[in-house]
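Numbering (my numbering), first residue to last: 81 to 718.
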């Protein structure tokens, strides 16, 4: 699989999930158990509900106008009442009325009213004036009492509030009636004093009209006398009695007219004052009468005690819990565990630094890919004749993968000449000895003459796997203590297969392997065998590989999947290239075949699976394909 997320396809994600299924399962189980352990500790939760009716106006017994009135379509009124129901003031009264501070959990709370406020939910019934007062808690009897208590306390509080408004209005009206009565009396006294002072009871239009008529009559008479005087002046002399009489009469009329004009002005001024005093008196009296009437109405309302809140349904004792939603919480915890498991699986995939698939192998090493060797289950104690073949079944998928490597190798190498092949790896425990043995057996199956040489003089292993003696071995031959004829030993479990043990470990293996005698022996054996497979030490551990790689016809590079760091794998291959070795290809050992794209089209576990006999279980313990342990100890590749 590619390590870059942008290169991933849907199949890559699915294969990653399948590869890390145990990790994902562990997270799922852990999260599920944690969620289950939490929900079983939670107590049952119950719900009690009381229903009330909130009218915008209280029922009217008499047709009096109330102080607090609302419009039938006023939505803000109901919204305000919803807040009043759950207000801190109402909750405090409920706590006091029901003595909740003496019962847990309120007894442990710093503010029982605030705690009660968090338990009460006001839920209006849609398209109605009904309101449900819902209380949620762990004690059915307690929350039932609380729901009924909140409904009763709110109704009582609402009535008290309306009564206070009425009482407060009546008190204000009483004070205002007293004040207006005093004011009315004062205005009436001032009006009466004005009348007595000016000797009249009316300064209206009729009085003013009579004064104006007299003034008009005097004015007409004066004009007539003035005309007569002018005629007399033309007829008589200055001292004539008639003229003198007319002149005297004219003067008299002028004085009378002036006096009447002054009276008219005074009457107009008094009329204005009188009108103002009269209007003040009448206004005060009218206001007094209105206030007095309203005061009597409010006095009647105080005794009626009308309430616009009614209790419709009392809360009943709940019989079944509403929570917690244990199944949902456990399912949620399971889903979270699944997400975490998948996230960890993808994180491990994105951050892995090992070679895992053929794509990784070819991209990193740029050498021909010979094939996969998958993970297998191997019997801890193989049957006689199977010790050299570490596969439990020659017809299994693993056996076929070894044969697939063999087939690819045969296509790469010329068939008309023998070959010396060196098998190595970057680090120990990558399975090169196992692959060397099984590849030799796979080539032997085709009738090829094969010689298997254990050239790991530091930590030899093939003699144990093939039931061969350590001596005579290769180290003795190179030290001239063993002849070439004594080296070749038949493998007991594979008829016709020849092998050479490593022998005792020398002091300087590298110098010994660079001996010309080893190269001459290989050329001699090359005339006798078609394939010579050399099992060598890891290239990054010993310099022996660099020596042997120079006279081998090809090097097969073994990489343990999902184990060896990519930098070590690349460094091992580069060391081979630096000494001029001909790396003909590589094998990915312990690979997860299902990680490869399109693996379904060329692998099938069921095809190669052999059903066990009825009533018998397969013996052995699952183990990765690697070198078998010596004696009773479990060790890896040497």
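We put the CB at the ideal spot given by N, CA and C, even for glycine.
| Query | Result |
| --- | --- |
| First and last residue of the uninterrupted beta strand (DSSP E) at residue 531 | 530-534 |
| Inter-stretch contact (C-beta, 8 Å, three-pair minimum) for the stretch 187-201 and the stretch 96-111 | no |
| Best match in 214, 127, 548 for proximity to residue 220 [C-alpha to C-alpha] | 127 |
| Alpha carbon of residue 296 to alpha carbon of residue 309, nearest angstrom | 20 Å |
| Sequence ranges, alpha helix (DSSP H) only - wholly within the stretch 365-452, length at least 4 | 406-431, 438-445 |
| Stretch-stretch touch, CB-based, cutoff 8 Å, three pairs: the stretch 128-135 with the stretch 390-399 | yes |
| With 16 other Cβ atoms within 10 Å as the buried cut-off, status of residue 451 | buried |
| Cross-strand partners of residue 504 (DSSP beta bridge) | 637 |
| Beta-carbon proximity check, residue 641 vs residue 435, cutoff 8 Å | yes |
| Closest residue to residue 233 among 264, 167, 277, 222 (Cα-Cα distance) | 167 |
| Euclidean distance between Cα positions of residue 602 and residue 500 | 8 Å |
| Supposed contact pair residue 577 and residue 38 - C-beta distance, whole angstroms, cut 8 Å | Examination of residue 38 is not possible in this model, given that the chain is present from 81 through 718 alone. |
| For residue 374 and residue 129, the rounded distance between their alpha carbons | 41 Å |
| Per-residue DSSP class, three states only, for residue 617 | coil |
| Per-residue DSSP class, three states only, for residue 646 | helix |
| Residue 555, DSSP secondary structure in three states | helix |
| Residue 259 versus residue 165: straight-line alpha-carbon distance, rounded | 39 Å |
| Sequence-distant residues of the same chain with beta carbon closer than 6 Å to residue 745, five excluded per side | Shown here, the chain extends from 81 to 718; a query on residue 745 therefore has no answer. |
| Alpha-carbon spacing of residue 579 relative to residue 494, whole angstroms | 23 Å |
| Environment of residue 101 [buried if 16+ CB atoms lie within 10 Å] | exposed |
| Collapsed DSSP secondary structure at residue 661 in the structure displayed | coil |
| Span separating the alpha-carbon of residue 607 from that of residue 497 | 9 Å |
| Own chain partners of residue 418 with C-beta closer than 6 Å, once the 5 adjacent residues on each side are dropped | 108 |
| Nearest candidate by alpha-carbon position, reference residue 277, set 227, 597, 350 | 350 |
| Burial state of residue 605, where buried means 16 or more other Cβ atoms lie within 10 Å | buried |
| Per-residue burial, residue 228 [other beta carbons within 10 Å of its own, 16 or more giving buried] | buried |
| Separation of residue 449 from residue 665, as counted between CA atoms | 5 Å |
| Whole-angstrom distance between residue 368 and residue 257, CA atom to CA atom | 6 Å |
| Residue range of the unbroken alpha helix (DSSP H) whose run includes residue 197 | 192-199 |
| Segments of 4+ residues assigned as alpha helix (DSSP H) that fall wholly inside the stretch 322-353 | none |
| Sequence-distant residues of the same chain with beta carbon closer than 8 Å to residue 564, five excluded per side | 557, 601, 604 |
| Endpoints, the alpha helix (DSSP H) within which residue 168 is located | 168-178 |
| Residue 212 - partner residues in DSSP beta bridges | 131, 203 |
| Backbone CA spacing between residue 620 and residue 519 [nearest angstrom] | 23 Å |
| With 16 other Cβ atoms within 10 Å as the buried cut-off, status of residue 648 | buried |
| Residue burial classification, residue 179 (beta-carbon count within 10 angstroms, cutoff 16) | exposed |
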